[in-house]
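S.K.: Before I ask anything, here is the structure I am working with.
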Amino acid sequence: MLYMKTTFYLLLTLFACTNISFGEDGYRLWLRYETVKDKALLTAYQQKIRGICTEGNSPVLESAKEELTTGLSSLLSKKINTGTILQNNTILIGTAANSALIASLHLAELLQTGQEGYTILTKNIQGKNCIVIAANSDAGVLYGAFRFLQLLQTNKPLDRLSIVTSPKINIRLLNHWDNLNRTVERGYAGFSIWKWHLLPGYIDPRYRDYARANASIGINGAVINNVNANVQILTKDYLKKAAAIADVLRPWGMKVYLAAKFSAPIEIGKLKTADPLDEEVKEWWKKKVDEIYTYIPDFGGFVVKANSEGQPGPQNYKRSHAEGANAIADALAPHNGIVMWRAFVYSNETPVDRTKQSYNEFKPLDGSFRSNVILQVKNGPLDFQPREPFHPLFGALPKTSVMMEFQITQEYLGQGTHLVYEAPLMKEVLDADTYAKGKGTTVAKIIDGSAEQHSLTGIAGVSNIGDDRNWCGHPFAQANWYAYGKLTWDHSMSADEIADEWIRMTFSNDAVFVKPVKQMMLGSRETMVRYMTPLGLHHIMGDGHHYGPSPWSDKLGRADWNPVYYHRADSIGIGFERTEKGSNALEQYMPEVRKIYADAATCPDEYLLWFHHIPWNYQMKSGKTLWNELCTQYYKGVEEVRAMQETWSKLKNKTDPEQFEHVTMLLAVQEKEAVWWRNACVQYFATFSKQPIPAGFEQPEYPLEYYKNIRVQFAPGNGGGN
Ligand code: GCW
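What follows is the structure, given as structure tokens:
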């Protein structure tokens, strides 16, 4: 045993002495806890941190203690003692309820930390120099422990700590679009991490690491199955499996939620109807929910995708979405469970403008949902495109709790191969001004409940996690999981700040590495917009799998599934007219927002073709014609990917060789695909503009027909059953 311990510390020292670590496979995510490289800092940290003092016990507190102990011993390359006696240079952790020491401090900070927040303070207690991590709940202590470790991981000073924080949003979830057969809808990182067939008997150690990672960024729950739900999840066998997952997640402050299929009363309840106003149906949901709570006592609730993309829903029975949601919500209410009812709906009749549907459907229902129903609204009115304006439902439903749904997985954002840092996209939406209650009513203030005084607040991110060794496929895709989590806790953080933390924790604190990588990440989303859908274009990707460009597609079953429906290119120009001259989708926004977008002259370039059909020779703000600007954007996008390759190539000796190679290869794929997007789109749109690609730009390698004939077979994430 002693021998093993010595070897462990020897190894730690060995790693600490070298500049880089080898064989980094990404499994540890941002929780690597590599020994602090800066010698002076390491010594300072070692002196300040001798041990951990904690009183009381609970599974969550145990997690906090364990994480701190392993994290600190690795970061500081020394043994960390834990005990109940306060000594000099100890970290005191706990709540006033479980620690008499903390209670005796009467910390005013705890009045501001709410249920899940925490405070981290440098404090002299009874003549001893301490660091206090205190909270009102064990979960708060856990979040504080992770934050403290993060301070060391990112080499921050510990001298005058005075952190007081609490999450701005209460329900902070991942949505897994994971099928019971372990395929993942729109997943690009392998199969589902949930080994359903082996549950509940075999508990993959990965579940715990998954929970740790989520806790480290403040995520407090997960919907573990696809919104295109398989009704089996609500059967006894599967509930036992879900309960086994819940047991692993619970000590890390996470709750399990399930996606429920509206027709469950028929499919597994053997009833004749799923009509939400039918007494037997209501009774069925009540019994089912009661049963779930016998397996999972802290079950969070359901997400429901109804009357959307073929899923059954209340409209099958001529009932409204509110009537549907309320019937299920009533069953959950006695247990404090919630229903997250998705607003991503569209009717069977092809509409004038698909982006108007969700608002048209839900706006009239404001005020008719139960208090435990929260409407889950995608960030934009269409569908997770590289860029969309914010969804007009944000700010339009003052009497309804509304939560955000982001897509972390990169369905439309380069899938598994493109380096796209999504925090700028998320921030763009969160910071958008709805003007719902005057200037400054941002989307963030709608979803954190502050604008309209809602206490049921939530945010969901469609997970990008799979069973790939590194969890997310692309090493940089981990940053999107991380950034999403950070923003769920504090949407006022900047994309820059979050990237900075992530790079330092995941790769290195070396400024020579951090600076260029951060720059590359921060620009990457705009770069992707440029080579895929510049100037407000949208939905011009491949059919079904959504991989690669296909702006010419016009043969799909419904008009609004086809790219041509969205770009509307013709001999005059390009773009979807959404002002009153066209579909008037703009009408769904507040007058101040309308004013910004209604006039092509003032509408920002980013949204021009989203809201306007613009003539090819229209003069843009840049002075160029629309056609020239469109080409310029596509070409610039490709150039920027090449610049990313250049930046990365210079960092060869600054990071782990395995990861370096991985990213190098993926950037090469991204460059090829960016060129594919550019060449396909520019040549296709040229058939309408009847203008050549401007002089000076490299000519596409192949003619348009070549790109039209590319058939992508077996692209991941598409189909596979649920
Ligand atoms: O973007 C679309 C996806 C579907 C998905 C749907 C939804 C789960 O292509 O795969 O289905 O959105 O959000 O329901």
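The sequence shown begins at 0 in numbering that gives the first Met the number 0 and counts up by one. Ideal Cβ positions, reconstructed from N, Cα and C, are used throughout, including at glycine. Predicted, not measured: the structure shown is a model, and the values here were computed from it.
(1) What do you get for Asp158, buried or exposed, if any count of 16 or more other CB atoms within 10 angstroms of its CB means buried?
(2) Report the three-state DSSP secondary structure of Lys260 (helix, strand or coil).
(3) Quick test of your reading: Gly300 and Met339, contact by CB under 8 Å. State the CB separation rounded to the nearest angstrom.
(4) Below 7 Å between beta carbons: does that hold for Gly460 and Leu650?
(5) Go to Arg171, then tell me how far its alpha helix (DSSP H) extends in each direction, as first and last residue.
(6) Check the Cβ-Cβ distances between Tyr705 and every residue of chain D, and say whether any is below 7 Å.
(7) For Gln698, name the three-state secondary structure that DSSP assigns.
(8) In the DSSP assignment, find the alpha helix (DSSP H) that holds Ala482 and state where it starts and stops.
(9) What residue does the alpha helix (DSSP H) around Leu665 start on, and which one ends it?
(10) Between which two residues does the alpha helix (DSSP H) containing Tyr142 stretch?
(11) Would you give the residue range spanned by the beta strand (DSSP E) that Met339 belongs to?
(12) Give the straight-line distance between the Cα atoms of Ser20 and Thr153, rounded to the nearest whole angstrom.
(13) Can you give me the C-alpha to C-alpha distance between Asp467 and Phe190, rounded to a whole angstrom?
(14) When the Cα atoms are used, what is the spatial distance from Arg185 to Gly50?
(15) State the Cα-Cα distance for the pair Trp676 and Val255, rounded to the nearest angstrom.
(16) Is the CB-CB distance between Lys240 and Pro199 below 7 Å?
(17) Thinking Ile130 and Thr118 are a contact (beta carbons under 8 Å), I'd like their distance in whole angstroms, please.
(18) Is DSSP giving Val222 helix, strand or coil here?
(19) Less than 7 Å between the C-beta atoms of Leu729 and Thr416, yes or no?
(20) Report the residue ranges of all alpha helix (DSSP H) runs contained in full by the segment 497–566; include only those spanning at least 4 residues, in chain order.
(21) State yes or no: is the C-beta of Ile502 within less than 7 Å of the C-beta of Val516?
(22) Could you round the C-beta distance between Tyr530 and Phe475 to whole angstroms and report it? I think they count as a contact, below 8 Å.
(23) What separation, rounded to the nearest whole angstrom, lies between the Cα atoms of Ala667 and Cys52?
(24) Does DSSP put Asn227 in a helix, in a strand, or in coil?
(25) With a threshold of 6 Å, establish whether the CB of Phe343 neighbours any heavy atom of the ligand GCW.
(26) In the DSSP assignment, the beta strand (DSSP E) including Lys155 goes from what residue to what residue?
(27) Around the C-beta of Glu660, are 16 or more other C-beta atoms found within 10 angstroms, so that it is buried, or is it exposed?
(28) Assess contact between the segment 582–599 and the segment 558–567, defined as three or more Cβ pairs (one per stretch) separated by less than 8 Å. Is contact present?
(29) Less than 7 Å between the C-beta atoms of Ala214 and Ala144, yes or no?
(30) Would the segment 635–653 count as touching the segment 615–623 if we require 3 or more Cβ pairs under 8 Å?
(31) Taking 6 Å as the limit between beta carbons, can you name the residues of its chain near Gln587, skipping five residues before and five after?
(32) Sorted by chain position, which residues of the same chain lie with C-beta nearer than 6 Å to Met520's C-beta, five sequence neighbours on each side aside?
(33) Using alpha carbons as the reference points, say which of Val528, Gly437, Gln452 lies closest to Pro397.
(34) Can you tell me the Cα-Cα spacing of Asp24 and Phe506, whole angstroms?
M.R.: According to the structure data:
(1) Looking up residue 158 in the sequence shown gives position 159. Exposed is the call here.
(2) Numbered from its first residue, the sequence shown carries residue 260 at position 261. Lys260: coil per DSSP, three-state reduction.
(3) For the purposes of this step, residue 300 is taken as residue 301 along the sequence shown, with counting starting at 1. For the purposes of this step, residue 339 is taken as residue 340 along the sequence shown, with counting starting at 1. About 7 Å separates the two Cβ atoms, so the contact holds.
(4) Counting from one through the sequence shown, the residue named residue 460 turns up at place 461. Counting from one through the sequence shown, the residue named residue 650 turns up at place 651. No; because the gap between Cβ atoms is not below 7 Å, this pair is not in contact.
(5) Against the sequence shown, residue 171 aligns to sequence position 172. Run containing Arg171: none in the alpha helix (DSSP H); it sits in the beta strand (DSSP E), 170–174.
(6) Looking for chain D here will not work: only one protein chain is present.
(7) Taking the sequence shown and counting its residues from 1, the one referred to as residue 698 is at position 699. Reduced to three states, the DSSP call for Gln698 is coil.
(8) In the sequence shown, residue 482 corresponds to position 483, counting from 1. Where Ala482 is concerned, the enclosing alpha helix (DSSP H) starts and stops at 477–488.
(9) Taking the first residue of the sequence shown as position 1, residue 665 is located at position 666. Note, Leu665: alpha helix (DSSP H), 656–688.
(10) Position 143 of the sequence shown, counting from 1, holds the residue named residue 142. Element bounds for Tyr142: 137–152.
(11) By 1-based counting over the sequence shown, the position of residue 339 is 340. That run of the beta strand (DSSP E) goes 337–341.
(12) Reading the sequence shown from its first residue, position 21 is the one you call residue 20. Reading the sequence shown from its first residue, position 154 is the one you call residue 153. Because Ser20 carries a pLDDT of 47, less than 50, the predicted location of this residue cannot be relied on, and the following value inherits that uncertainty. Within the model, the alpha-carbon separation for Ser20 versus Thr153 is close to 17 Å.
(13) For the purposes of this step, residue 467 is taken as residue 468 along the sequence shown, with counting starting at 1. For the purposes of this step, residue 190 is taken as residue 191 along the sequence shown, with counting starting at 1. Here the alpha carbons of Phe190 and Asp467 stand approximately 8 Å from one another.
(14) Locating residue 185 in the sequence shown gives position 186, where the first residue counts as 1. Locating residue 50 in the sequence shown gives position 51, where the first residue counts as 1. Rounded to the nearest whole angstrom, the CA to CA distance from Arg185 to Gly50 is 45 Å.
(15) To locate residue 676, count along the sequence shown from 1; it is residue 677. To locate residue 255, count along the sequence shown from 1; it is residue 256. Their backbone Cα atoms lie some 39 Å apart in a straight line.
(16) Taking the sequence shown and counting its residues from 1, the one referred to as residue 240 is at position 241. Taking the sequence shown and counting its residues from 1, the one referred to as residue 199 is at position 200. Note that the C-beta distance between Lys240 and Pro199 is below 7 Å.
(17) By 1-based counting over the sequence shown, the position of residue 130 is 131. By 1-based counting over the sequence shown, the position of residue 118 is 119. That pair is no contact at about 11 Å.
(18) Looking up residue 222 in the sequence shown gives position 223. Residue state, collapsed to three classes: strand.
(19) What is shown of the chain runs 0 to 721, which leaves residue 729 out entirely.
(20) Fully contained in the segment 497–566 are the following alpha helix (DSSP H) runs of length 4 or more, in chain order: 510–531, 562–566.
(21) Position 503 of the sequence shown, counting from 1, holds the residue named residue 502. Position 517 of the sequence shown, counting from 1, holds the residue named residue 516. Less than 7 Å divides the Cβ of Ile502 from the Cβ of Val516.
(22) Here residue 530 refers to the residue found at position 531 of the sequence shown. Here residue 475 refers to the residue found at position 476 of the sequence shown. About 17 Å separates the two Cβ atoms, so there is no contact after all.
(23) Taking the first residue of the sequence shown as 1, we reach residue 667 at position 668. Taking the first residue of the sequence shown as 1, we reach residue 52 at position 53. Going by C-alpha positions, Ala667 is about 50 Å away from Cys52.
(24) By 1-based counting over the sequence shown, the position of residue 227 is 228. The answer is coil: DSSP assigns Asn227 none of H, G, I, E or B.
(25) What you label residue 343 is simply residue 344 of the sequence shown in a count that begins at 1. Yes, the beta carbon of Phe343 sits closer than 6 Å to at least one heavy atom of the ligand GCW.
(26) Here residue 155 refers to the residue found at position 156 when the sequence shown is read from its first residue. Taken as a continuous stretch (DSSP letters only), Lys155 belongs to no beta strand (DSSP E), as it is neither H nor E.
(27) Taking the sequence shown and counting its residues from 1, the one referred to as residue 660 is at position 661. Under this definition Glu660 is an exposed residue.
(28) In short, these stretches do not touch, since the Cβ pair count stays below three.
(29) Here residue 214 corresponds to residue number 215 of the sequence shown, with the count starting at 1. Here residue 144 corresponds to residue number 145 of the sequence shown, with the count starting at 1. When the beta-carbon positions are compared, Ala214 and Ala144 stay at least 7 Å from each other.
(30) Segments in contact, no.
(31) Here residue 587 is taken as the residue at index 588 of the sequence shown, counted from 1. The residues are Tyr358, Pro391.
(32) As a position in the sequence shown, residue 520 is number 521, starting the count at 1. Around Met520: Tyr420, Ala498.
(33) Stepping through the sequence shown from its first residue, residue 397 is reached at position 398. Selected option, being the one with the closest Cα: Gln452.
(34) Here residue 24 refers to the residue found at position 25 of the sequence shown. Here residue 506 refers to the residue found at position 507 of the sequence shown. If you take the alpha carbons of Asp24 and Phe506, they lie about 12 Å apart.
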